[in-house]
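First residue of the sequence shown: 226, per our numbering; consecutive thereafter.
Note that CB positions come from ideal geometry on N, CA and C, so glycine has one too.
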Amino acid sequence: MTTDKLNNKRLKPYQKKAAKYITDKKKSLDLLNNAMKKANAKRGALGETWEKFQLLFGVFKDWINGNYKEMPMRSLLMIVLGIVYFVSPIDGIFDYIPFAGLIDDAAVAGFVISQVSVDLERYKLWKKQVEPDSTISEASS
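Listed below in structure tokens is the structure:
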């Protein structure tokens, strides 16, 4: 089974949840805050994946706030899907198993970024134009 099929199968149960967040910006903000708390608490263990999540969080935050409207819905849904998966206490490999859950989260983050890489590059260019001093993660490059 290819990695794409494996990750699609693993993410499928979270698709409906992700779609609900897209239609409710208050819930989206709560999701983002929970994801940021979890990522910051696990920063050391996440390693390079922490920076990947920061890029996804940045796009999502700019979308929630109405600052960035150029993200295609399919890509936004993938990003939200990855974030929902990350905060879910019952994902593919439980987070309470030392490091295994974080490796699983890292794999999903990598998969999401690979699926939306072109749109993330556009976002990074936009972000540099509106905030020239911004330090946008280059983790997906």
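Per-residue DSSP class, three states only, for GLU356: coil
When SER253, ASN259, GLY283 are compared against LYS353, the one with the closest alpha-carbon: Residue GLY283 holds the alpha-carbon nearest to the alpha-carbon of LYS353 among SER253, ASN259, GLY283.
Classification of MET226 by the beta-carbon crowding that lies within 10 angstroms, buried from 16 upward: Legend: pLDDT at MET226 = 37, less than 50; position of this residue unreliable, no value from coordinates given.
Nonlocal neighbours in the same chain, by C-beta distance under 7 Å from GLU295, ignoring five residues either side: ARG347, TRP351
Residue nearest to ALA260 in terms of C-alpha spacing, selected from LYS250, PRO238, VAL305: Cα-wise, what sits closest to ALA260 is VAL305.
Beta-carbon proximity of TYR246 to LYS252, cut-off 7 Å: yes
MET303 burial status per 10 Å Cβ neighbour count (16 or more: buried): buried
Neighbourhood of TYR239 by C-beta distance below 6 Å, restricted to the same chain and skipping five residues each side: LEU306, VAL309, TYR310
Neighbourhood of MET298 by C-beta, 7 Å cutoff - its chain only, sequence neighbours within 5 removed: none
Rounded straight-line distance, which links the Cα of LEU256 to that of VAL312: Approximately 8 Å, taken between the alpha carbons.
Beta-carbon proximity list for ALA334, same chain, < 8 Å, skipping 5 on both sides: For ALA334, where only same-chain residues beyond five positions count, the Cβ hits under 8 Å are THR274, LYS277, PHE278, LEU281, GLY307, PHE311.
Separation of VAL341 from ASP330, as counted between CA atoms: 17 Å
Collapsed DSSP secondary structure at SER253 in the structure displayed: helix
Alpha-carbon to alpha-carbon, PHE336 and LEU231: Because the pLDDT at LEU231 is just 40, under 50, the model does not fix this residue reliably, and the value given afterwards should be weighed accordingly. About 10 Å.
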